[in-house]
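Report on one structure; see the data block that follows.
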Amino acid sequence: MIDNVAGPSARSTGPNGDGEAPSPSGSAALPPRVWSTPGIVTLSHGAISTQDPWLAMGATTTSGNNIDAYVDRSGSDGFDAQDFRANLTSIDTFDHFFNPLIAASASDAQALGSIVHAFYVTNWLHDEFYDVGFDEVSRNAQRDNYGRGGLGGDDMRVEVQDFSGTNNANMATPSDGARPRMQMFLWSGAARSSVTIESPASIAGEVVADDASFGPTTFDVDAEVARSVDAGGISSIDACEPPLTSNVSGKIALIERGNCSFAEKVQHAQQAGAVGAIIYDNLTASLPVAMGGTDPGISIGSKSVTRDVGLAIEQALLTATVEARIHRSPAVQTDSGVDSLVLSHEWGHYISNRLIGNAFGLSGNQARGMGEGWSDFHALLTTVRDGDQLLPSNPSFAGTYAGATYVPSRGSYFGLRRVPYSTDFSKNALSFRHIQSNEPLPGVPTAFGLDGSRNTFVHQTGEVWATMLWQAYAGLLNDPRHSFDEAYERMKAYLVAGYKLTPSDPTFAEARDALLLAAYANDVLDFETLYQAFGSRGLGIGAEAPDRYSTTHRPLVESFATGAFVSLVDQNVDDEVVWCDREGVLDNDERGSLVLVIANLGSTPLSDPELEIVPISPEVSLPNGATMELPPLGPFESTTATVAISLSGAPGVSAASLGVRVHDVNLLSDQPRRRRSRFG
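Under the numbering used here, the sequence shown has 330 at position 330, and the numbering climbs by one with no breaks.
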């Protein structure tokens with residue numbers, strides 16, 4: 001039995017429970033946290049057909065066949081005398097509790113809770129992906145492979161509260177037979193801060209807010225809002241000319257920025273009896289400002305909001321009473337070992353590296369970027385739950401998810417990334433072009449990097465890939481043919497099969513095609529859903545990836561097209577029908593064959609394709625006609641067409657041109673191809 005998991009599966013995000021995924025407000029606000037109540041889970045293994053236990057009979061610590069979890073506090077890597085595993089608290093029970101209200105490093109008890117959570121989540125992931133193809137033969141990590149193939153002796157080391165870093169985590173994945181190592185670090189934590197308009201209903205909701213460098217760092221005030229009218233000056237609502245003439249006593253004072261310091265404004269409101277202050281910007285901006293200054297005499301809390309929010313409150317005050325809550329709590333040190341999404345992200349590095357090139361397949365800049373994207377997507381797979389689509393902020397899974405919600409300082413909207421993961425293009429408008437160096441990001445709320453100067457960094461490139469994968473998964477989740485569980489199982493299976501089909505150092509297009517082939521082998525409609533998702537993000541038919549080793553990811557070609565798409569992949573002309581010398585070149589008065597290999601590289605079938613050959617050079621003729629029927633072509637299928645061709649009146653050795661056109665009702669458009677062939 002294991003304590004310190006927030007529910008019956010690892011899809012709970014961590015001590016903060018499930019309430020922050022998807023983001024409840026759909027904005028960058030940081031509301032007060034609601035902590036989950038951990039409980040006991042009784043199991044010996046996860047959803048694995050072999051029923052292999054995580055721990056051997058009689059085991060007393062968190063060291064099992066798949067995972068060896070421990071605290072690594074000493075100055076050398078690996079388990080040594082200063083480190084420790086979690087021990088049983090009673091028969092077959094690890095009842096260790098992590099308390100999120102105190103610092104993660106406050107006691108050994110905190111570390112034990114982290115060990116148990118990390119042991120649970122990483123074992124759960126091992127079992128979740130075993131039956132969809134990540135087994136012993138496919139190079140998973142196990143101490144004992146039970147004679148089922150692959151190399152054993154490589155159980156994963158999971159090192160929590162690792163001494164070697166902070167505010168991060170990492171995964172080292174050697175090839176099969178050598179032990180992977182996951183290092184989970186302590187994080188500084190983030191102050192929680194929020195402004196919530198409680199009434200009237202027309203403006204109610206949580207808004208993005210920032211803090212002051214002065215005054216208390218802990219407060220929670222719920223009160224009526226009142227305008228701060230002062231004695232005059234440049235503005236009568238900036239609280240710069242005391243005393244305030246409006247009644248703010250016992251209320252939250254609403255103040256406009258400008259003309260004096262933030263600290264002076266709040267001090268004047270406090271002197272008038274206000275219990276808090278909201279200062280709104282005097283300039284239009286997408287995010288509120290951080291309020292600088294010092295004043296040890298300030299004892300009330302204050303928050304800043306954008307001009308749009310402030311003006312909305314001002315307007316509402318003309319006809320109604322406005323109630324608001326302002327809140328701030330200090331940062332508390334956190335631990336990535338209890339963040340299920342960070343654990344899933346790091347585990348994602350391990351599975352992608354083992355299945356693509358056996359730890360040597362993701363070394364190019366583009367490939368490493370996709371590695372980060374795959375890992376973020378594993379975190380999304382862990383957090384999305386059936387029922388999310390019923391939440392007001394997440395209709396049809398179109399809300400906002402983050403790749404981590406517990407440890408990041410930016411909360412559950414941005415998480416660790418520039419934008420949230422969302423199918424809503426007003427929240428995340430990333431497309432294929434945004435992996436290019438210095439390509440500006442779309443004009444949506446962005447945590448950092450709006451100028452695109454860091455687009456080729458691996459985590460930023462990975463955001464684009466994970467966005468595409470999330471778009472694809474959301475398509476499966478919204479397919480009425482599938483239950484949530486079926487869509488989840490299919491996506492896991494496609495992901496694993498796609499890894500196995502992906503070449504070493506892949507481009508975006510190659511990795512896309514590998515996933516599409518995996519889906520096509522199982523369900524053509526799923527294949528079309530996934531292709532449409534890639535197309536919506538610029539990696540559709542005709543998109544061209546940059547060179548796999550480019551450090552600028554330029555040039556590339558975006559395409560938002562989906563449908564059937566024909567490619568002429570090969571052509572050859574011979575003189576084998578009526579000939580005089582049979583040298584392989586068509587001479588005057590000879591007749592031969594034009595052999596064409598035609599492929600459907602699109603997302604829908606060609607149901608009744610017709611080939612048309614258009615002679616462009618007048619000396620070329622087609623004895624049997626210019627058209628012929630082709631067999632139906634599904635995606636990735638090809639056919640060979642042989643067309644009779646003759647030559648007369650050619651002026652010596654020259655290259656003649658033919659137009660090749662395919663017609664079909666499912667084609668995006670008739671697609672001509674011109675070929676030049678050598679004639680004599």
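C-beta atoms are modelled at their ideal positions from N, C-alpha and C, and glycine is treated no differently.
Owing to the predicted nature of the structure, the values given are computational and were not obtained by experimental measurement.
For phenylalanine 219, three-class secondary structure by DSSP = Here residue 219 refers to the residue found at position 219 of the sequence shown. Of the three classes helix, strand and coil, the one that applies to phenylalanine 219 here is strand, per DSSP.
key: Spatial neighbours of glycine 369 in its chain, beta-carbon cut-off 6 Å, leaving aside the 5 residues before and after   = Reading the sequence shown from its first residue, position 369 is the one you call residue 369. Beyond the five residues adjoining it in sequence on each side, glycine 369 comes within less than 6 Å, by CB distance, of Val458, Thr461, Gly462 in the same chain, given in chain order.
message = Between threonine 400 and proline 22, how many whole angstroms is the CB-CB distance? I'm expecting something under 8 Å.
response = In the sequence shown, residue 400 corresponds to position 400, counting from 1. In the sequence shown, residue 22 corresponds to position 22, counting from 1. Indeed, because the Cβ distance is near 6 Å, the residues count as touching under 8 Å.
query = Nearest-angstrom Cα distance between aspartate 131 and proline 623?
reply = Sequence index remark: in the sequence shown, residue 131 carries index 131 (1-based). Sequence index remark: in the sequence shown, residue 623 carries index 623 (1-based). C-alpha separation (whole angstroms): 57 Å.
request  = Give the secondary structure of valine 614 by DSSP, where H, G and I count as helix, E and B as strand, and everything else as coil.
outcome  = Against the sequence shown, residue 614 aligns to sequence position 614. Correct three-state label for valine 614: strand.
ask   = By DSSP, does lysine 303 sit in helix, in strand, or in coil?
value = In the sequence shown, the residue the question calls residue 303 occupies position 303. Lysine 303 falls in the strand class under three-state DSSP.
query = Quick one: what's glutamine 571 bridged to in DSSP?
reply = The residue labelled residue 571 in the question sits at position 571 within the sequence shown. According to DSSP, glutamine 571 bridges with Leu596.
ask   = How about glycine 19 and serine 340: do their beta carbons lie closer than 7 Å?
value = For the purposes of this step, residue 19 is taken as residue 19 along the sequence shown, with counting starting at 1. For the purposes of this step, residue 340 is taken as residue 340 along the sequence shown, with counting starting at 1. Not a contact, by the Cβ cut-off of 7 Å.
query = Can you tell me the Cα-Cα spacing of leucine 517 and isoleucine 326, whole angstroms?
reply = Reading the sequence shown from its first residue, position 517 is the one you call residue 517. Reading the sequence shown from its first residue, position 326 is the one you call residue 326. Answer to the nearest angstrom: the Cα atoms are 52 Å apart.
key: CA nearest to the CA of glutamate 159, picked from Leu283, Ala28, Thr382, Ser74   = If you number the sequence shown from 1, residue 159 lands on position 159. When each option's Cα is compared against that of glutamate 159, the closest is Ser74.
ask   = What is the residue span of the alpha helix (DSSP H) that glycine 373 lies within?
value = Residue 373 sits at position 373 when you count from the first residue of the sequence shown. Start and end: 365–383.
query = CA-CA distance, alanine 474 and valine 332?
reply = For the purposes of this step, residue 474 is identified with residue 474 of the sequence shown, where counting begins at 1. For the purposes of this step, residue 332 is identified with residue 332 of the sequence shown, where counting begins at 1. It is roughly 34 Å from the alpha-carbon of alanine 474 to the alpha-carbon of valine 332.
ask   = With 16 other CB atoms within 10 Å as the buried threshold, where does isoleucine 300 fall?
value = One-based indexing of the sequence shown puts residue 300 at position 300. That one is buried.
ask   = DSSP puts threonine 294 in a beta bridge; with which residues?
value = Position 294 of the sequence shown, counting from 1, holds the residue named residue 294. DSSP lists no bridge partner for threonine 294.
ask   = Touching or not, the region 481–489 and the region 539–554, by the rule of three or more beta carbon pairs under 8 Å?
value = They do not touch, by the three-pair rule.
query = What's the gap between the Cα of glutamine 142 and the Cα of proline 632?
reply = Locating residue 142 in the sequence shown gives position 142, counting from the first residue. Locating residue 632 in the sequence shown gives position 632, counting from the first residue. Linking glutamine 142 to proline 632 through their CA atoms gives a straight-line distance of about 46 Å.
request  = May I have the straight-line CA-CA distance separating leucine 244 from serine 193, to the nearest angstrom?
outcome  = What you label residue 244 is simply residue 244 of the sequence shown in a count that begins at 1. What you label residue 193 is simply residue 193 of the sequence shown in a count that begins at 1. If I take the Cα positions, the gap works out to 27 Å.
inquiry  = Here's a check: name, in chain order, each residue in its chain whose Cβ is nearer than 6 Å to the Cβ of alanine 272, leaving out the five neighbours to either side.
reply    = Here residue 272 refers to the residue found at position 272 of the sequence shown. The beta carbon of alanine 272 sits closer than 6 Å to those of Leu244, Val248, all from its chain and outside the five residues before and after it, given in chain order.
Alpha-carbon to alpha-carbon, alanine 650 and alanine 641 = Residue 641 sits at position 641 when you count from the first residue of the sequence shown. Residue 650 sits at position 650 when you count from the first residue of the sequence shown. About 25 Å.
ask   = Is valine 208 close to chain D, meaning its C-beta is less than 7 Å from at least one C-beta of that chain?
value = Looking for chain D here will not work: only one protein chain is present.
key: Limits of the alpha helix (DSSP H) - the one that valine 496 falls within   = The residue labelled residue 496 in the question sits at position 496 within the sequence shown. Note, valine 496: alpha helix (DSSP H), 484–501.
inquiry  = By the three-class DSSP mapping on this structure, what secondary structure does alanine 111 have?
reply    = By 1-based counting over the sequence shown, the position of residue 111 is 111. When secondary structure is reduced to three states using DSSP, alanine 111 falls in the helix class.
message = Here's a check: name, in chain order, each residue in its chain whose Cβ is nearer than 6 Å to the Cβ of phenylalanine 129, leaving out the five neighbours to either side.
response = Here residue 129 refers to the residue found at position 129 of the sequence shown. So no residue of the chain qualifies.
inquiry  = Tell me which residues share the same chain as threonine 196 and place their Cβ nearer than 6 Å to its Cβ, disregarding the 5 neighbours each side in the sequence.
reply    = Translated into positions along the sequence shown, residue 196 becomes position 196. Closer than 6 Å at the Cβ level, and outside the excluded window around threonine 196, lie Glu206, Arg325.
inquiry  = For the pair the region 261–272 and the region 211–220, tell me if three or more CB-CB distances fall below 8 Å.
reply    = Touching, yes, given that three or more Cβ pairs across the two stretches are closer than 8 Å.
task = Enumerate in chain order the residues of its own chain whose CB-to-CB distance from threonine 701 is below 8 Å, with the five nearest sequence positions on each side excluded.
result = Given that the chain is displayed from residue 1 to residue 680, the structure contains no residue 701 and the question cannot be resolved.
request  = Have a look at Glu198, Thr166, Gly177 and flag the residue whose alpha-carbon is nearest the alpha-carbon of phenylalanine 185.
outcome  = Residue numbering aside, residue 185 sits at position 185 when the sequence shown is read from its first letter. The residue with the shortest Cα to Cα distance from phenylalanine 185 is Thr166.
task = Look up valine 208 in the DSSP assignment and say whether it is helix, strand or coil.
result = Numbered from its first residue, the sequence shown carries residue 208 at position 208. Note: valine 208 maps to coil in three-state DSSP.
message = Assess contact between the region 339–357 and the region 403–422, defined as three or more Cβ pairs (one per stretch) separated by less than 8 Å. Is contact present?
response = A contact exists between the region 339–357 and the region 403–422.
request  = Rank Pro174, Ala172, Arg433, Asp68 by C-alpha distance to the C-alpha of arginine 157 and give the top, closest one.
outcome  = Counting from one through the sequence shown, the residue named residue 157 turns up at place 157. If you compare the alpha carbons of Pro174, Ala172, Arg433, Asp68 with that of arginine 157, the shortest gap goes to Asp68.
message = Going by DSSP, what residue range makes up the beta strand (DSSP E) through glutamine 333?
response = One-based indexing of the sequence shown puts residue 333 at position 333. Glutamine 333 -> no beta strand (DSSP E), and no H or E assigned at all.
ask   = Name the DSSP beta bridge partners of alanine 564, please?
value = Along the sequence shown, one-based indexing puts residue 564 at 564. Paired residue(s): Leu667.
Glycine 348 (DSSP reduced to helix, strand or coil) = Walking along the sequence shown from the start, residue 348 turns up at place 348. Of the three classes helix, strand and coil, the one that applies to glycine 348 here is helix, per DSSP.
task = Taking arginine 512 as part of the beta strand (DSSP E), name the residues at either end of that continuous run.
result = On the sequence shown, residue 512 is found 512 positions in, with the first residue counted as 1. Where arginine 512 is concerned, there is no enclosing beta strand (DSSP E), although the alpha helix (DSSP H) it sits in stretches over 508–520.
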